Amino acid sequence: MAFEGLTSKLQETFKKLRGKGKLTEKDVKDAMREVKLALLEADVNYKVVKDFINSVSERAVGEEVMESLTPAQQVIKIVNEELIKLMGSTESKLKPANNPPTVIMLVGLQGAGKTTMAAKLALHLKKHNKKPLLVAADVYRPAAIKQLQILGNQIDVPVFSLGDKVNPVDIAKAGIENAKKLERDYVIIDTAGRLHIDEELMQELKNIKSEVKPNEILLVVDAMTGQDAVNVAEHFNSNLDLTGVILTKLDGDTRGGAAISVKAVTNTPIKFVGTGEKLNDFEVFHPDRMASRILGMGDILSLIEKAQEAIDEKKAAELEKKILSQEFTLEDFLDQMQQMKKMGPLKDLVKMIPGVDVSKLGDMEVNEKELLHAEAIIKSMTKEERRNPSIINASRKKRIAKGSGTTIQEVNKLLNGFEQARKMMKQFGDMQKNMKKGKFKF
Ligand code: GDP
1 MAFEGLTSKL QETFKKLRGK GKLTEKDVKD AMREVKLALL EADVNYKVVK
51 DFINSVSERA VGEEVMESLT PAQQVIKIVN EELIKLMGST ESKLKPANNP
101 PTVIMLVGLQ GAGKTTMAAK LALHLKKHNK KPLLVAADVY RPAAIKQLQI
151 LGNQIDVPVF SLGDKVNPVD IAKAGIENAK KLERDYVIID TAGRLHIDEE
201 LMQELKNIKS EVKPNEILLV VDAMTGQDAV NVAEHFNSNL DLTGVILTKL
251 DGDTRGGAAI SVKAVTNTPI KFVGTGEKLN DFEVFHPDRM ASRILGMGDI
301 LSLIEKAQEA IDEKKAAELE KKILSQEFTL EDFLDQMQQM KKMGPLKDLV
351 KMIPGVDVSK LGDMEVNEKE LLHAEAIIKS MTKEERRNPS IINASRKKRI
401 AKGSGTTIQE VNKLLNGFEQ ARKMMKQFGD MQKNMKKGKF KF
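All the letters of the sequence shown, read from the start, carry residue numbers 1 to 442 under full-length UniProt numbering.
Quick look at the structure:
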């Protein structure tokens with residue numbers, strides 16, 4: 001996951017401050033030197049770092065001290081606020097057209113993740129009850145059109161194409177006409193990229209822009225390229241007057257530089273981020289939540305949103321009923337695990353919880369493996385065994401371990417874990433029932 005190095009370095013710096021009752025000017029200065037190094041190492045633009053450190057230092061040694069906070073908390077608060085400001089302060093929403101369809105033109109270098117992002121964005125809009133149309137105007141990269149058609153098919157969004165022999169300007173224009181005919185309210189144009197910035201590409205994009213007058217021109221950049229991403233953004237912005245930037249590959253070992261500097265350098269807000277290869281790996285960019293994540297303070301709001309998207313509400317209600325009536329079975333346990341999996345890798349989720357020390361997350365992968373094993377074990381059980389695990393004797397355990405490619409110890413571990421979960425749920429259920437009967441008072 002992104003920002004790992006930066007987050008643990010910042011946490012380390014703040015930990016040192018926490019031990020102190022009162023901060024001297026020297027303490028703040030030392031801390032700021034460490035923050036500066038951490039940001040530079042994370043590939044944040046040098047000038048951005050300098051300005052950032054100046055404004056934080058000024059505020060930290062100035063008179064802005066709140067009584068309710070310790071001096072160390074005060075410094076963290078200021079760093080947090082300045083980071084948010086740096087990344088754009090508030091969420092930047094898409095600007096819808098007065099007369100639909102709203103036209104969104106996606107631009108960027110080859111391999112940045114533009115085509116994938118076109119589909120992710122379409123899915124995001126669809127989830128918000130919009131009707132997008134994808135337009136395949138990348139006529140240069142081999143298989144780009146086919147790729148978009150496959151992705152469109154997966155999310156059930158129509159894809160407009162005229163093949164790769166037609167001028168992209170004409171494709172874009174015809175795509176918009178097609179959207180009007182089909183009554184689609186958003187058009188997402190996937191334009192061609194190049195391996196490097198080149199003038200021919202810029203000219204072509206300018207031509208599309210002047211012909212179709214898009215409501216949004218969003219640049220897709222690979223966050224893993226750090227400072228390069230910022231340079232690319234500057235170049236595209238000076239040619240096309242971007243309305244926003246989308247950072248992809250924020251799931252990789254991105255050091256964070258691009259996310260932190262893009263807005264400050266180009267004065268163009270980051271609107272969305274891509275966090276994986278799957279079409280659900282997409283987030284609206286919230287500067288405040290991102291700052292929290294960078295500082296290791298968690299991002300509970302994004303976690304809740306992910307849970308709401310992944311968890312089927314009807315199933316959740318059924319589960320609650322089962323817990324209350326103490327009918328929670330291994331099948332439900334499996335169901336729960338599968339829902340958890342839909343929310344993405346555990347490690348990414350845990351990182352959104354406040355107070356988690358990222359440097360200690362090393363062995364989370366194991367737990368994901370355990371989850372897979374647990375799933376295999378439960379799937380190797382008969383229906384009867386899943387409903388009534390008490391019948392699982394030694395020979396059944398042996399069969400289940402063999403069938404799932406695990407060991408008897410692992411089967412035992414899972415059964416114990418389930419038994420514990422069931423006991424807890426029983427207690428929880430009893431508590432709820434008693435509360436309803438008025439036996440507990442607060
Ligand atoms: P394009 O040339 O800009 O259209 O790029 P593609 O959409 O074809 O993406 C290039 C590669 O990056 C593909 O292998 C994608 O699966 C991958 N990719 C795209 N977005 C992300 C992301 O957010 N995270 C990761 N890890 N990979 C991504």
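Even glycine gets a Cβ: it sits at the ideal position worked out from N, Cα and C. For clarity, every value in this text was computed on a predicted model and none was experimentally measured.
**OP:** Locate the beta strand (DSSP E) running through Glu-91, then write down its first and last residues.
**Re:** Glu-91 -> no beta strand (DSSP E), and no H or E assigned at all.
**OP:** Look up Leu-162 in the DSSP assignment and say whether it is helix, strand or coil.
**Re:** coil
Subject >> Distance between Asn-167 and Ser-292 (C-alpha atoms, nearest Å) >> reply: 45 Å
Original post:
Rounded C-beta distance between Val-273 and Leu-242? I'm assuming under 8 Å.
Top reply: Val-273 to Leu-242, Cβ: 16 Å. No contact.
Subject >> Status (buried if at least 16 other CB within 10 Å, exposed otherwise) for Asp-156 >> reply: exposed
Original post:
Going by alpha carbons, who is nearest to Leu-372 out of Gly-405, Arg-387 and Val-79?
Top reply: Gly-405
Original post:
Considering only residues of the same chain and omitting the five flanking positions on each side of Leu-182, which have a CB-CB separation below 7 Å?
Top reply: Leu-133 and Pro-158
**OP:** Can you tell me which of Pro-96, Ile-145, Ala-143 and Ser-390 puts its alpha carbon nearest to the alpha carbon of Arg-184?
**Re:** Pro-96
**OP:** Can you tell me which of the three DSSP states Gly-276 falls into?
**Re:** coil
**OP:** Ignore the nearest five residues each way along the sequence and tell me which others in Lys-165's own chain have a CB closer than 8 Å to its CB.
**Re:** Val-139
Subject >> Between the CA atoms of Glu-91 and Ala-119 - distance to the nearest angstrom >> reply: 21 Å
**OP:** Taking only the alpha-carbon atoms, compute the straight-line gap between Gly-257 and Ile-378 and give it to the nearest angstrom.
**Re:** 43 Å
Subject >> Cβ pair Leu-10, Leu-17 closer than 8 Å >> reply: no
Original post:
Taking 7 Å as the line, does the beta carbon of Asp-253 fall inside it for any heavy atom of the ligand GDP?
Top reply: no
**OP:** For Gly-113, verify whether its CB is less than 7 Å away from any heavy atom of the ligand GDP.
**Re:** yes
Original post:
What does Met-105 pair with, by DSSP beta-bridge criteria?
Top reply: Ile-189 and Ile-217
**OP:** Output yes or no for whether 8 Å exceeds the beta carbon distance between Leu-125 and Tyr-186.
**Re:** yes
Subject >> Status (buried if at least 16 other CB within 10 Å, exposed otherwise) for His-196 >> reply: exposed
Original post:
Arg-387 and Thr-329: beta carbons closer than 8 Å?
Top reply: yes
Subject >> Same chain only: Cβ atoms within 6 Å of Ile-84, ignoring 5 sequence neighbours per side >> reply: Pro-287, Asp-288 and Ala-291
Original post:
Just to confirm, are Ser-57 and Met-87 a CB contact at a threshold of 8 Å?
Top reply: no
**OP:** Consult DSSP for Thr-248 and reduce its assignment to one of helix, strand or coil.
**Re:** strand
Original post:
Nearest to Glu-216 by alpha carbon, out of Lys-180, Ala-192 and Val-245?
Top reply: Val-245
Subject >> Contacting residues, own chain, Cβ-Cβ under 6 Å from Gly-252 (five flanking each side not counted) >> reply: Met-224
Original post:
By the 10 Å Cβ neighbour count, where 16 or more other Cβ atoms means buried, how is Gly-108 classified, buried or exposed?
Top reply: buried
Original post:
What separation, rounded to the nearest whole angstrom, lies between the Cα atoms of Lys-402 and Arg-422?
Top reply: 25 Å
Original post:
Which parts of the stretch 3-80 are runs of the alpha helix (DSSP H), unbroken and 4 residues or longer, counting only runs that do not cross its ends?
Top reply: 4-18, 25-41 and 46-61
Subject >> Alpha carbon of Lys-180 to alpha carbon of Asn-207, nearest angstrom >> reply: 21 Å
Subject >> Through-space distance from Arg-141 to Val-48, alpha-carbon basis >> reply: 35 Å
Original post:
Mind checking whether Val-221 and Lys-173 have CB atoms under 8 Å apart?
Top reply: no
**OP:** Would you verify that the beta carbon of Ala-143 is, or is not, closer than 8 Å to some beta carbon of chain D?
**Re:** The structure shown contains no chain D, having only a single protein chain.
**OP:** Verify whether the separation of the beta carbon atoms of Ile-104 and Leu-218 is less than 8 Å.
**Re:** yes
**OP:** May I have the straight-line CA-CA distance separating Glu-177 from Ile-53, to the nearest angstrom?
**Re:** 50 Å
Subject >> Separation of Val-44 from Gly-19, as counted between CA atoms >> reply: 28 Å
Original post:
Within 10 angstroms of its Cβ, does Thr-248 collect 16 or more other Cβ (buried), or is it exposed?
Top reply: buried
Subject >> Counted within 10 angstroms of its Cβ, other Cβ atoms place Leu-37 as buried (16 or more) or exposed >> reply: exposed
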